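With mature numbering (1 follows the signal peptide of the UniProt record, and there is no 0) applied, the sequence shown covers -18 to -1, 1 to 52.
For each residue, glycine too, the CB sits at the ideal point set by N, CA and C.
For clarity, every value in this text was computed on a predicted model and none was experimentally measured.
Following: one structure in structure tokens, then a few remarks.
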Amino acid sequence: MLVLFFALHVCDEVNVYGFGADSRGNWHHYWENNRYAGEFRKTGVHDADFEAHIIDMLAKASKIEVYRGN
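Following this line, the structure appears as structure tokens:
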């Protein structure tokens, strides 16, 4: 989320791809490549509802373009 706000300040256009949780509510991070990664995503590290709300608000205000993943 921090990178998204940074991009809004330094870029003329911001497009985000696959931002948020998957259809089962799991968050996927590129640096997690171990057998415990699935459990980490279920710990509530991210407030998925709040982050999704902010992303949706930014998209509706035409501040960002969102391309959702699966």
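Supposed contact pair residue j and residue i - C-beta distance, whole angstroms, cut 8 angstroms
i	j	result
leucine -11	lysine 45	6 angstroms
CB contact below 8 angstroms: residue i versus chain C
i	result
aspartate -7	Note that chain C does not occur in the displayed structure, where there is just one protein chain.
Short Cβ contact (8 angstroms threshold) for residue i with residue j
i	j	result
glutamate 47	asparagine -4	yes
Cα-Cα separation between residue i and residue j, rounded to whole angstroms
i	j	result
phenylalanine -13	glutamate -6	12 angstroms
cysteine -8	leucine -15	10 angstroms
aspartate 38	tyrosine 49	11 angstroms
residue 53	glycine -1	A query on residue 53 cannot be resolved here, the shown segment of the chain reaching from -18 to 52 and no further.
leucine 40	aspartate 31	14 angstroms
histidine 35	aspartate 29	10 angstroms
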